[in-house]
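As structure tokens, the structure follows; a few thoughts come after it.
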Amino acid sequence: MKKKPANQPLGHRERQIMDAIFRLREASVQEVLAEIPDPPSYSAIRKMINVLEEKGLLVHRRDGTKYIYRPTTSKQTASRSAVKHLLTTFFSGTATDAVNTILDVSSANMSDEDFDQLREMIDNARNKGK
Numbered sequence: 001m002k003k004k005p006a007n008q009p010l011g012h013r014e015r016q017i018m019d020a021i022f023r024l025r026e027a028s029v030q031e032v033l034a035e036i037p038d039p040p041s042y043s044a045i046r047k048m049i050n051v052l053e054e055k056g057l058l059v060h061r062r063d064g065t066k067y068i069y070r071p072t073t074s075k076q077t078a079s080r081s082a083v084k085h086l087l088t089t090f091f092s093g094t095a096t097d098a099v100n101t102i103l104d105v106s107s108a109n110m111s112d113e114d115f116d117q118l119r120e121m122i123d124n125a126r127n128k129g130k
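Numbering of the sequence shown is given in UniProt numbering, commencing with residue 1 and proceeding in unit increments.
Following this line, the structure appears as structure tokens:
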């Protein structure tokens, strides 16, 4: 029985595999290999895909002699889960601390339009809460 997708961090290669499969919507091991820069061996990718399937993040169907894998959740759902995990792990669940860190790291590269867009997002979020 496959596990329910867990809120667990993914390793670098696991993230690359999931990103490739999200982009392709579904993929064979060979198709994933073609999507990943400087990929490991076919058998290494196959093993990592099996681990992702055991974690409940992928399911497969048979297509002739090969398996075709697809995500069990949408990319948006997976992204939300990853952000929640990030907030809990590094920022005590506080969005303010996370946003402050993001701005500290990237504000030098942000345009006035980027800041205006952030302000609009904050205003919209504030209005939703009322």
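The beta carbon of each residue, even a glycine, is placed where N, CA and C say it ideally should be. Predicted, not measured: the structure shown is a model, and the values here were computed from it.
- Assigned with DSSP and collapsed to three states, Leu-57 falls in coil, not helix or strand.
- Scanning Val-105, Thr-65, Asp-104 and Thr-96 for the CA closest to the CA of Ile-122 turns up Thr-96.
- If you look at Ile-68, you'll find it in the beta strand (DSSP E) that goes 66 to 71.
- In the DSSP assignment, Ala-78 falls within the unbroken alpha helix (DSSP H) covering 75 to 91.
- Annotated three-state conformation of Arg-25 is coil, per DSSP.
- Residue pairing from DSSP places Arg-62 in a beta bridge opposite Tyr-67.
- Between the alpha carbons of Phe-22 and Ser-28 lies a gap of roughly 12 Å.
- Per DSSP, reduced to three states, the secondary structure at Ile-45 is helical.
- Residue Val-83 holds the alpha-carbon nearest to the alpha-carbon of Val-99 among Lys-55, Glu-113 and Val-83.
- The beta carbon of Leu-87 is closer than 8 Å to those of Gly-93, Thr-94, Ala-95 and Ala-98 in its chain, skipping five residues each way along the sequence.
- The stretch 66 to 83 and the stretch 42 to 57 touch, with three or more beta-carbon pairs separated by less than 8 Å.
- Here Ala-44 has no same chain residue with a Cβ atom under 6 Å from its own Cβ, once five neighbours each way along the sequence are excluded.
- Boundaries of the alpha helix (DSSP H) around Leu-103: 95 to 106.
- Annotated three-state conformation of Leu-52 is helix, per DSSP.
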